[in-house]
Amino acid sequence: METQVLSAIEIASTPTSDQNLNLQAINFIHELRSNASGRQACLSLFTRTPKCSEVVRLVSLDVVNNAIQAEQFEGQSLSHVKDSLLEYIRRAYGSGNRDDVDSPGLQNKLTQTLTFLFISMYKNGWEGFLDDFLALTSLQNNGSRDNIVGIALYLRLLSSIHDEIADVMLSRPTSETRRNTELKDLLRARDVQKVTASWQEILAQWTGRDDGIVEMTLKVVGKWVSWIDISLIVNEETLNLLFQLAGRPNPSNREDRVRNAAIDTFTEIVAKKMKPSDKMNMVIFLNLGQVVSQLIASPALHDLRTTSSYDTDLAEAVAKLVNNVVFDIVKVLEDVQVDAETRAKAEQLIQSFLPLLLRFFSDEYDEICSTVIPSLTDLLTFLRKAKPIPPAYSAMLTPILNAIVQKMRYDETSSWGNEDEQTDEAEFQELRKRLQILQKSVAAVDETLYIDILSNVIGNTFQRLDQQGGQMDWRDLDLALHEMYLFGELTLPNGGLYAKSRPSGVAAERLIVMMSKMVESGKTVVGLS
1 METQVLSAIE IASTPTSDQN LNLQAINFIH ELRSNASGRQ ACLSLFTRTP KCSEVVRLVS
61 LDVVNNAIQA EQFEGQSLSH VKDSLLEYIR RAYGSGNRDD VDSPGLQNKL TQTLTFLFIS
121 MYKNGWEGFL DDFLALTSLQ NNGSRDNIVG IALYLRLLSS IHDEIADVML SRPTSETRRN
181 TELKDLLRAR DVQKVTASWQ EILAQWTGRD DGIVEMTLKV VGKWVSWIDI SLIVNEETLN
241 LLFQLAGRPN PSNREDRVRN AAIDTFTEIV AKKMKPSDKM NMVIFLNLGQ VVSQLIASPA
301 LHDLRTTSSY DTDLAEAVAK LVNNVVFDIV KVLEDVQVDA ETRAKAEQLI QSFLPLLLRF
361 FSDEYDEICS TVIPSLTDLL TFLRKAKPIP PAYSAMLTPI LNAIVQKMRY DETSSWGNED
421 EQTDEAEFQE LRKRLQILQK SVAAVDETLY IDILSNVIGN TFQRLDQQGG QMDWRDLDLA
481 LHEMYLFGEL TLPNGGLYAK SRPSGVAAER LIVMMSKMVE SGKTVVGLS
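Per full-length UniProt numbering, the sequence shown starts with residue 1, numbered consecutively.
Printed below as a string of structure tokens:
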């Protein structure tokens with residue numbers, strides 16, 4: 001049977017094969033999935049020594065993989081699959097020899113197959129699943145995590161298991177959800193403690209030696225933290241490793257994927273569901289405000305901010321962390337049932353995190369700005385509902401509105417009427433629409449402040465236009481005209497500018513003054529630099 005399967009795969013994968021023969025070979029391979037002896041032949045072709053060709057092994061493993069997923073193996077036959085694959089894996093990955101391991105494509109398929117075996121057998125039949133793969137991380141089985149190829153496979157498996165049983169972004173049937181909940185409970189009871197300990201050991205052993213392994217470990221931690229005991233991660237040993245990686249220097253100023261992954265791990269830790277008091281205490285305990293401030297002051301985000309070497313990936317990673325923290329702080333502030341002590345902590349935290357949020361909101365790169373818009377929107381929504389607004393919150397509005405207005409301005413890289421920038425222009429106009437919503441939220445909280453700030457911005461621009469004429473930056477004038485247009489919407493609820501020959505309100509009075517200044521400037525935008 002193995003010879004037939006081998007021949008069929010080779011014919012099906014050869015472009016020059018006879019068309020009819022090729023079709024027969026493909027049909028034969030499809031039929032293998034429902035044929036017990038065919039599945040066994042495929043298993044043997046994948047695990048045999050010496051190895052078959054890459055395509056033969058990939059197709060063979062795919063047949064086995066689909067059969068496991070479809071629950072076509074039962075009882076002893078499933079145990080045989082487990083034993084055969086485990087024997088092969090120990091042979092190929094246990095020695096630490098990189099030449100023995102599979103190609104990345106085959107490793108992906110093997111990881112998927114092992115994940116389906118985990119789902120089928122972890123409850124009953126392969127209770128020591130993780131023990132077997134954890135053992136592969138050590139060459140001498142002495143607890144030292146020194147087998148890099150075994151570690152990589154182990155981490156791939158942990159990542160895949162999470163994706164299959166704990167990824168909340170995927171919609172699943174009720175039966176699968178129930179099964180996954182049971183598997184997570186079993187993992188917590190049996191293996192989670194030793195798994196989290198292995199992360200510490202791997203990070204400690206490979207930090208500074210292999211960034212790929214460190215990055216993989218951090219990404220697994222970021223996934224699993226959402227459904228395991230937080231104390232297994234938020235402890236002195238693990239946090240010291242995370243802080244070290246998040247703040248490590250980067251003299252080359254190139255992308256540091258490990259540092260970004262460490263920051264993403266903190267973001268996932270913050271995102272974990274917990275009681276409001278516990279969440280605020282954790283943010284304080286982690287001292288995240290100080291961590292973010294130090295990252296903002298680092299050369300990558302400060303010294304190089306206006307250069308082509310600016311680390312936008314790092315900026316976006318830190319912005320995500322800030323967005324998550326502010327989101328949780330606002331949730332606590334909105335909770336009318338939260339105790340006074342927790343509320344006081346949240347009020348203190350929002351004061352310290354607002355400047356950090358506005359730093360990324362004001363970033364020259366719109367992708368980074370957009371990262372924190374959700375939490376800023378939540379904050380303004382909370383302030384709109386908090387009436388009368390307390391003085392401590394009222395003081396936040398001026399820097400928020402100033403940042404919004406400044407972000408409305410075309411950046412220095414924009415050119416007037418450049419047709420090559422049409423895509424950028426469309427994206428900027430979309431951003432302006434989002435910013436307009438934020439501006440309206442500020443106006444809803446404190447209309448007087450909104451009127452005063454916008455009046456000054458627009459009035460001062462027309463005054464400079466009167467003084468500078470053609471020397472004025474067109475971006476400033478465009479901003480003033482755009483803001484004046486938006487400002488005009490404040491007069492709409494009162495039926496327009498005038499009511500009974502008089503201005504319909506304060507906003508109308510200010511708008512009339514703005515329009516007069518624009519006309520009095522006696523200038524034209526033609527020829528502006």
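From the three backbone atoms N, C-alpha and C, an ideal C-beta is built for every residue, glycine too.
Being a predicted model, the structure only gives us computed values, none of them experimental.
Review point. Taking the C-alpha atoms as reference points, what is the distance between Trp-206 and Tyr-393?
Key: Linking Trp-206 to Tyr-393 through their CA atoms gives a straight-line distance of about 46 Å.
When you compare each of Gly-459, Asp-478 and Ser-455 to Leu-490 by their alpha carbons, which one comes out closest?
Among Gly-459, Asp-478 and Ser-455, the Cα nearest to that of Leu-490 is on Ser-455.
**Asked** Can you name, in chain order, every residue of its own chain whose Cβ lies under 6 Å from the Cβ of Lys-523, other than the five neighbours on each side?
**Response** In this predicted model, Lys-523 has a pLDDT of only 49, less than 50, meaning its place in the structure is not dependable; the value taken from the coordinates is given anyway. Excluding positions up to five away in sequence, the list reads Leu-465 and Gly-469.
Suppose you measure from the CA of Met-484 to the CA of Glu-427; what does that come to, to the nearest Å? Rounded to the nearest angstrom, the two C-alpha atoms are 21 Å apart.
Practice problem: Confirm, please, whether the CB-CB distance from Ile-458 to Ala-444 is below 7 Å. | Solution: It is not a contact, given that the beta carbons lie outside the stated cut-off.
Please identify the residue among Ser-198, Val-55 and Lys-82 whose C-alpha is closest to the C-alpha of Tyr-122.
Nearest of Ser-198, Val-55 and Lys-82 to Tyr-122, Cα basis: Lys-82.
Below 8 Å, how does it come out for the region 117-135 and the region 65-85: are there three or more Cβ pairs, yes or no? Two segments are said to touch when three or more pairs of C-beta atoms, one from each, lie closer than 8 Å; by this definition the region 117-135 touches the region 65-85.
TODO: Pull up the distance between the alpha-carbon of Gly-289 and that of Asp-313, whole angstroms please.
DONE: Roughly 19 Å separates the two Cα atoms.
Check whether the region 47-62 touches the region 21-28, taking contact to mean three or more Cβ pairs, one atom from each stretch, closer than 8 Å. No, the region 47-62 is not in contact with the region 21-28.
query: Leaving out the 5 sequence neighbours to the left and right, which residues in its chain are closer than 6 Å to Asp-256 when beta-carbon positions are compared?
result: Excluding positions up to five away in sequence, the list reads Asn-250.
_Between which residues of its own chain and Phe-46 is the CB-CB distance below 6 Å, once the five residues before and five after are set aside?_
If we look at Phe-46 and ignore the five residues flanking it on each side, its Cβ neighbours are Arg-57, Ser-60 and Leu-61.
Which listed residue (Asn-240, Asn-287, Ser-252 and Ile-400) has its alpha carbon closest to that of Leu-437:
Reading the sequence as shown, one finds Ile at residue 437 and not Leu. Out of Asn-240, Asn-287, Ser-252 and Ile-400, Ile-400 has the C-alpha closest to the C-alpha of Ile-437.
Simplified DSSP state of Glu-478, which is helix, strand or coil:
According to the sequence as given, residue 478 is Asp; it is not Glu. Per DSSP, reduced to three states, the secondary structure at Asp-478 is helical.
Could you pull the start and end residues of the alpha helix (DSSP H) that Lys-51 belongs to? It is not in any alpha helix (DSSP H) - Lys-51 carries neither H nor E in the DSSP assignment.
message: Report the CB separation of Asp-210 from Ile-148 in whole angstroms; it is logged as a contact under 8 Å.
response: That belief holds up - the Cβ atoms of Asp-210 and Ile-148 are roughly 6 Å apart, short of 8 Å.
- Leu-380 by DSSP, collapsed to three states: which one? DSSP places Leu-380 in helix when its eight states are reduced to three.
Neighbourhood of Ala-67 by C-beta, 7 Å cutoff - its chain only, sequence neighbours within 5 removed: Apart from sequence neighbours up to five positions away, the residues of its chain that approach Ala-67 with a beta-carbon distance below 7 Å are Arg-33, Arg-39 and Phe-73, ordered along the chain.
How do the region 296-303 and the region 233-241 stand: do at least 3 beta-carbon pairs fall below 8 Å, yes or no?
Contact fails: fewer than three Cβ-Cβ distances are below 8 Å.
Exposed or buried, what is Gln-140 when buried is set at 16 or more other beta-carbons lying within 10 Å of its beta-carbon? Flag for Gln-140 reads exposed.
Which runs of the alpha helix (DSSP H) at least 4 residues long sit entirely within the region 104-192? Give them in chain order. Taking only runs of at least 4 residues, the alpha helix (DSSP H) segments lying wholly in the region 104-192 are 104-121, 129-135, 148-165 and 174-190.
Report task. Take Met-282 as the anchor and find which of Leu-376, Glu-268, Ser-293 and Leu-295 has the nearest alpha-carbon. Result -> Each of Leu-376, Glu-268, Ser-293 and Leu-295 was checked against the Cα of Met-282, and the nearest Cα belongs to Glu-268.
Q | Nearest-angstrom Cβ-Cβ length linking Lys-194 and Leu-134, presumed shorter than 8 Å | A | Sure, about 7 Å apart at Cβ, within 8 Å.
As a quick exercise: from Asp-131, Ser-53 and Asp-163, pick the residue whose alpha carbon is nearest that of Thr-196. Among Asp-131, Ser-53 and Asp-163, the Cα nearest to that of Thr-196 is on Asp-131.
For this session: Give a yes or no on whether the C-beta atoms belonging to Val-214 and Val-258 are separated by under 7 Å.
Result: Their beta carbons are under 7 Å apart, which means Val-214 touches Val-258 by this criterion.
*asked:* Among Ser-252, Met-216, Lys-279 and Gly-208, whose alpha-carbon lies nearest the alpha-carbon of Val-234?
replied: It is Lys-279 whose Cα lies nearest to the Cα of Val-234.
- Short check: CB of Met-472 to CB of Leu-435, under 7 Å? Going by beta carbons, Met-472 and Leu-435 fall outside the 7 Å limit.
key: Terminal residues of the alpha helix (DSSP H) in which Met-280 lies   = Where Met-280 is concerned, the enclosing alpha helix (DSSP H) stretches over 276-286.
Worksheet item: Can you tell me whether DSSP reads Met-408 as helix, strand or coil?
Response: Three-state DSSP puts Met-408 in coil, outside helix and strand.
If you run the structure through DSSP and keep just helix, strand and coil, what is Ala-204? Looking at Ala-204 - three-state DSSP - the assignment turns out to be helix.
Exercise. Look at the Cβ atom of Ala-317, then the Cβ atom of Asn-253, and state whether they are nearer than 7 Å.
Key: No.
Given this structure, state the Cα-to-Cα distance separating Ala-340 from Val-325, to the nearest angstrom. About 20 Å.
Under DSSP, the alpha helix (DSSP H) around Tyr-93 begins and ends at which residues?
Taken as a continuous stretch (DSSP letters only), the alpha helix (DSSP H) holding Tyr-93 covers 75-93.
(Q) So, at 7 Å on beta carbons, what are the nonlocal neighbours of Ala-353 in its own chain, with the 5 sequence-adjacent residues on each side left out? (A) Going by the sequence as given, residue 353 is Phe instead of Ala. Contacts found: Gly-289, Val-322, Val-325, Val-326 and Ile-329.
- Task: Can you tell me which of the three DSSP states Ala-70 falls into?
- Result: If DSSP states are grouped into helix, strand and coil, Ala-70 belongs with coil.
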